[in-house]
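Novice: In numbering that gives the first Met the number 0, the protein residues as written are 0 to 262. Glycine residues also receive a C-beta, built at the ideal position from the N, C-alpha and C atoms. Predicted, not measured: the structure shown is a model, and the values here were computed from it. Got a structure here, written out as structure tokens. Questions coming.
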Amino acid sequence: MRTELVSEPGEPGHPNEDFAAVALPASGQGGAVVVLDGVTPPRGGTGCLHSVPWYTAHLGGSLTELTVSLPDVPLTEALSRAIIRTAEAHERTCDLSHPRTPQATVVVARWGAETVEYLVLSDSALLLRSPRGVVTAVLDDRISRLPAASLATDAIVDATVRNKEGGFFTAAADPAVAARAVTGVVPRGEVRALAALTDGAARWVERFGEGGWADCLHFVRKEGARALVNRVRELERADERERVHLRRSKTHDDATVVYVELP
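What follows is the structure, encoded as structure tokens:
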């Protein structure tokens with residue numbers, strides 16, 4: 000079994016708001032991948048005493064444990080329980096109703112002898128490769144389908160589309176959001192490899208157009224997860240002045256890639 004995990008902050012010395020884990024149960028059967036991308040808040044209050052890395056560490060740790068220790072519990076239920084557990088850890092000190100309370104995108108994949116289950120919430124990506132080499136991209140593309148006007152400012156986003164019907168959803172403090180995730184189950188024999196990417200790494204496809212999702216997975220398979228992150232950094236630096244591709248986005252974003260070839 001081959002596994003690779005690379006995660007680095009957008010800027011050296013800055014906290015990495017991503018979380019990534021690969022878990023292999025002691026039974027020796029099956030496994031799981033969990034990847035979270037913490038949402039960087041705008042300047043100003045979040046109603047919370049804790050940082051985004053604190054939140055992603057707590058939510059990611061809980062979600063990994065629940066996903067592995069409760070293999071018969073659906074991934075939506077595991078995410079819901081992890082959100083509840085994390086909320087309980089700071090509900091007495093923080094305003095969890097604040098629209099910018101710490102939150103994250105979520106990707107989970109869990110495999111066993113018979114099936115591969117997946118869950119994707121918000122704009123991180125999960126790629127599945129079949130034994131025939133066919134790559135399926137599992138995406139929650141709701142944010143990309145919103146009109147530009149609804150994303151014009153942080154205030155508009157928070158008031159109209161963040162964790163709202165008709166908008167997009169992230170894992171924050173409301174466990175009901177788990178039911179909004181993109182989920183599915185495929186036969187174990189139909190998945191030879193998988194990759195989970197936060198949007199900082201997915202820029203290879205989505206911002207810079209180096210190739211499609213199948214090309215991206217092929218690149219990681221051949222060159223490695225580190226090579227993908229390095230290439231994204233090269234592209235970011237090349238576009239830093241003209242900002243043809245980056246536009247208003249931050250020059251460098253936290254980037255995480257997890258790649259697994261299933262046995």
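Using a 10 Å radius around the Cβ and a threshold of 16 neighbouring Cβ atoms, would you call PRO101 buried or exposed?
Specialist: Buried, by the Cβ-count rule.
Novice: Pull the bridge partners of VAL181 from the DSSP assignment, please.
Specialist: VAL181 is bridged to VAL119.
Novice: Touch check for the stretch 144 to 157 and the stretch 66 to 79: three-plus C-beta pairs under 8 Å?
Specialist: Because the criterion of three Cβ pairs below 8 Å is not met, the stretch 144 to 157 and the stretch 66 to 79 do not touch.
Novice: Looking only at C-alpha atoms, which of THR182, ALA200 and ALA103 sits nearest to VAL119?
Specialist: The option with the nearest alpha carbon to VAL119 is THR182.
Novice: Give me the DSSP bridge partner(s) of TYR54.
Specialist: Answer by DSSP bridge pairing: none, since TYR54 is not bridged.
Novice: Using 8 Å as the threshold, is the C-beta distance between VAL107 and THR55 below it?
Specialist: The answer is no: Cβ separation not under 8 Å.
Novice: Under three-state DSSP, which class holds GLY37?
Specialist: Reduced to three states, the DSSP call for GLY37 is strand.
Novice: My understanding is that LEU74 touches ARG128, with C-beta atoms under 8 Å, so please give their C-beta distance in whole angstroms.
Specialist: Going by Cβ atoms, the distance from LEU74 to ARG128 rounds to 20 Å, so no, they are not a contact pair.
Novice: Could you tell me which whole beta strand (DSSP E) segments of length 3 or greater appear in the stretch 182 to 234?
Specialist: Listed in chain order, the complete beta strand (DSSP E) runs (minimum 3 residues) inside the stretch 182 to 234 are 192 to 196.
Novice: Which runs of the alpha helix (DSSP H), 4 residues or longer, sit entirely within the stretch 86 to 169?
Specialist: Entirely contained in the stretch 86 to 169, the alpha helix (DSSP H) runs reaching 4 residues are, in chain order, 153 to 159.
Novice: Assuming THR63 contacts TYR258 (C-beta within less than 8 Å), just tell me the rounded distance between them.
Specialist: THR63 to TYR258, Cβ: 17 Å. No contact.
Novice: For THR250, does the three-state DSSP call read helix, strand or coil?
Specialist: Note: THR250 maps to coil in three-state DSSP.
Novice: Does DSSP put GLU76 in a helix, in a strand, or in coil?
Specialist: Correct three-state label for GLU76: helix.
Novice: My output table needs one value for GLU260: the three-state DSSP class, helix, strand or coil.
Specialist: GLU260: strand per DSSP, three-state reduction.
Novice: Counting only the same chain and skipping the five closest in sequence on each side, list residues whose C-beta sits under 6 Å from that of ILE142.
Specialist: ASP122 and PHE167, listed in sequence order.
Novice: For LEU35, which residues in the same chain have their Cβ closer than 7 Å to its Cβ, ignoring the five residues on either side in sequence?
Specialist: Once the five neighbours on either side are set aside, the close Cβ partners of LEU35 are ASP17, PHE18, THR55, LEU58, GLY59, ALA103, THR104 and VAL105.
Novice: Rounded to a whole number of angstroms, what is the C-alpha to C-alpha distance between CYS47 and ASP173?
Specialist: Those two C-alpha atoms are separated by around 15 Å.
Novice: Under three-state DSSP, which class holds VAL243?
Specialist: Three-state DSSP puts VAL243 in coil, outside helix and strand.
Novice: Rounding to the nearest angstrom, what Cα-Cα distance links TRP212 and LEU125 in this structure?
Specialist: The alpha-carbon atoms of TRP212 and LEU125 are separated by roughly 10 Å.
Novice: Are LEU216 and ALA194 closer than 8 Å when you measure CB to CB?
Specialist: The answer is yes: Cβ separation under 8 Å.
Novice: Rounded to a whole number of angstroms, what is the C-alpha to C-alpha distance between GLU241 and SER6?
Specialist: The straight-line gap from Cα to Cα measures roughly 27 Å.
Novice: Using the C-alpha atoms, what's the distance from ALA158 back to LEU145?
Specialist: Taking the straight line from one Cα to the other gives about 14 Å.
Novice: Report yes if the CB atom of ASP263 is closer than 8 Å to the CB atom of PRO41, and no otherwise.
Specialist: Residue 263 falls outside the range modelled here, since the chain spans only 0 to 262, and no answer is possible.
Novice: Among SER61, GLY44, HIS13 and SER26, which one has its Cα closest to the Cα of ALA170?
Specialist: The shortest Cα separation from ALA170 among SER61, GLY44, HIS13 and SER26 belongs to SER61.
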